[in-house]
Amino acid sequence: MNHSIQRVAHRGGSHLAPENTLAAFRNALTLPIDAIELDVHMSRDGHAVVFHDYTVDRRTNGSGNILDLDFTYLRSLNAAAHFPGGWPEPQQIPALNEVLNLAKGHVQVYIEIKSSKRNGVMGRYPKIAETVVEELRAAGMLDKVLIISFDWAILPLIKSLEPVVQTGVLVSKDVWNPRAERALRMLVEQVTMLGCNWINVDYDLFTAEMLEAAHEHGFRLGIWTVNTTRAMRRFAAASVDSVTSDRPDLFSALQV
1 MNHSIQRVAH RGGSHLAPEN TLAAFRNALT LPIDAIELDV HMSRDGHAVV FHDYTVDRRT
61 NGSGNILDLD FTYLRSLNAA AHFPGGWPEP QQIPALNEVL NLAKGHVQVY IEIKSSKRNG
121 VMGRYPKIAE TVVEELRAAG MLDKVLIISF DWAILPLIKS LEPVVQTGVL VSKDVWNPRA
181 ERALRMLVEQ VTMLGCNWIN VDYDLFTAEM LEAAHEHGFR LGIWTVNTTR AMRRFAAASV
241 DSVTSDRPDL FSALQV
C-alpha cells in the first residue's frame, strides 16, 4: 500500500451517521481517517452552511431552496430527520466555522463549494469564495484544507484570494468526456491553466493512464466515492493519493 494515501470521510461518513452533521464528523474522528469532506452552500442572508443538496426537503424536516432560506430557519431544522433507521437525537445543519473548529488540530478538511440551483439552472452563490476563505483565515486552517468543486471557474478565484490554499477539480462524466479526442491531455491542460493541485475523480473514470498523467504533471489524484474494502485496496495498490468513502470505518483495511 502507498503509506501516504489520504483517507477521507465523505460528508463525515454518510452511511454511518446523518451526512454533513457534527454527529457524523465527530464519529469520523474516532475512525482511521486523515480528512473529512463536506459541502458548502450559502444561506440567503450570507452564512456558509454545511449541507449537500440544493433544497432541504430530502434530508430535513423542512422544505425550500437554500437560495431562499435564512440561517435562522436552516438552524431550526433537523438534518437527521430522514436518516435510514432513525437517529437518536436531532442534528442541526452546521455552520462551516463549527466544522472547521471541530477538525482543527485533528484532520484535514476537503471543502466542496456547491453551486446554487433553481428550476434546473445552475448558478453561484454571491461571495461564496470570499466567505469560505474568510472562515479559513479565522480558523487558522488555510494550509489544512483542499477546496474542490464542479464549478471549476471558482478555483482560480480561491487561489487569487489566498494562494496558499490547495484546490482541486471534481471530475465526473457530467463535466468531462473520457472518450473525447485527446480527453486526458485536455484535462491536464485545463487543470494546469486553473492552477489546481489536485484532480479528484469519480472512481468509474479512473485509469492507470490518468494517474500517470496526473503525477507526471505534478498533480495529486483522488478517487471518490469508494465504499468497499476490495476497491479501497485496489486504489491504494495503484498509488492514488486519496480515497474518499461513505464508509470510513472500512479504512482500517488500509492501515500499515
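Heads up, the sequence shown is in our numbering, so the first residue is 1 and it goes up one at a time.
Virtual Cβ for every residue (Gly too), placed ideally from N, Cα, C.
This structure is a prediction, so every number in the text was calculated from the model and none was measured.
Count the other C-beta atoms from every protein chain shown that fall within 10 angstroms of the C-beta of residue i, then say buried if there are 16 or more, exposed otherwise.
i           : result
residue 179 : exposed
residue 256 : Low confidence applies here, because residue 256 scores a pLDDT of 43, under 50, leaving its location unreliable; read the following figure in that light. Exposed is the call here.
residue 119 : exposed
residue 245 : buried
residue 208 : exposed
residue 248 : buried
residue 18  : buried
residue 14  : buried
residue 24  : buried
residue 149 : buried
residue 220 : buried
residue 204 : exposed
residue 2   : Confidence at residue 2 is low in this model, with a pLDDT of 43, below 50, so the placement of that residue should be treated as unreliable; the coordinate-derived value is given next. Exposed.
residue 138 : exposed
residue 186 : exposed
residue 60  : buried
For the putative contact between residue i and residue j, defined by C-beta atoms under 8 Å, what is the C-beta separation to the nearest angstrom?
i           : j           : result
residue 236 : residue 5   : 5 Å
residue 68  : residue 45  : Not confirmed; about 11 Å, so no contact.
residue 100 : residue 141 : 6 Å
residue 49  : residue 74  : 6 Å
residue 156 : residue 195 : 6 Å
residue 251 : residue 77  : The Cβ separation is near 30 Å, so there is no contact.
For residue i versus residue j, is the C-beta spacing smaller than 9 Å?
i           : j           : result
residue 188 : residue 214 : yes
residue 103 : residue 91  : no
residue 240 : residue 217 : no
residue 33  : residue 7   : yes
residue 171 : residue 200 : yes
residue 65  : residue 55  : yes
residue 22  : residue 89  : no
residue 107 : residue 146 : no
residue 20  : residue 38  : yes
Identify which residue in the options has its Cα closest to the Cα of residue i.
i           : options            : result
residue 129 : 245, 99, 111, 144  : 111
residue 242 : 249, 250, 232      : 232
residue 43  : 207, 125, 136, 155 : 125
residue 144 : 150, 136, 151      : 136
residue 206 : 222, 157, 107      : 222
residue 133 : 113, 251, 19       : 113
residue 257 : 31, 51, 168, 181   : With the chain running from 1 to 256 in the structure shown, residue 257 is simply not present.
residue 198 : 152, 234, 229      : 152
residue 116 : 107, 177, 52       : 52
residue 122 : 30, 41, 251, 139   : 41
residue 87  : 157, 139, 16, 156  : 16
residue 212 : 61, 238, 77, 94    : 238
residue 93  : 108, 62, 31, 85    : 62
residue 154 : 227, 253, 193, 47  : 193
residue 84  : 182, 77, 58        : 58
residue 210 : 227, 182, 229, 226 : 182
| request: Report yes or no: do the stretch 129–145 and the stretch 156–163 share at least 3 C-beta pairs separated by less than 8 Å? | output: Verdict: yes, contact present.
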